[in-house]
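K.L.:
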Amino acid sequence: MVFDLGAAMRKKAEFESARLMGFESRRRARAVRLLAGELGVDEAELLALVSALPEEQIPAAMAERAGASTDEVEPRFAVCLAQAHTALVAERGDPTPHRLA
43 MVFDLGAAMR KKAEFESARL MGFESRRRAR AVRLLAGELG VDEAELLALV SALPEEQIPA
103 AMAERAGAST DEVEPRFAVC LAQAHTALVA ERGDPTPHRL A
């Protein structure tokens with residue numbers, strides 16, 4: 043039996059991609075929860091709404107639901123993203139891909 047380096051690298055790429063996408067999804071959901079609490083909007087409604095939106099469109103959608111301006115929600119969302127990232131790194135570790143050495 044011969045070791046297939048190409049197959050091993052594809053498997054690693056798939057694993058790392060899934061891990062990074064999972065981290066991003068958790069980070070976005072946590073940030074939405076944090077901001078929903080600040081804005082006084084139902085978390086479940088916002089999570090359902092933003093799960094299909096790209097990250098750039100989330101502040102506008104949240105502002106619309108909360109009856110606030112996008113200019114006021116965007117910086118708060120950025121702060122919530124940073125807080126969520128920090129908390130997830132503390133809980134789950136750094137999402138930086140592991141390198142083969």
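For what it's worth, the numbering used here labels the leading residue of the sequence shown as 43, then goes sequentially.
Here a beta-carbon is modelled for each residue, glycine too, at the ideal position from N, C-alpha and C.
In this text, all values refer to a predicted model and were calculated from it rather than measured experimentally.
Please state if the CB of Arg70 and the CB of Leu88 are separated by a distance shorter than 8 Å.
P.N.:
Taking C-beta atoms as the reference points, Leu88 and Arg70 fail to come closer than 8 Å.
K.L.:
Considering Leu47, what are the terminal residues of the alpha helix (DSSP H) in which it resides?
P.N.:
Membership of Leu47 in the alpha helix (DSSP H) is indicated by the continuous run 47 to 81.
K.L.:
Could you tell me the alpha carbon to alpha carbon distance between Asp113 and Val44, rounded to whole angstroms?
P.N.:
58 Å
K.L.:
Roughly how many angstroms lie between the CA atoms of Lys53 and Thr138, to the nearest whole one?
P.N.:
The straight-line gap from Cα to Cα measures roughly 17 Å.
K.L.:
How is Ala105 classed by DSSP in three states: helix, strand or coil?
P.N.:
helix
K.L.:
To the nearest angstrom, how far is it from the Cα of Asp136 to the Cα of Ala102?
P.N.:
29 Å
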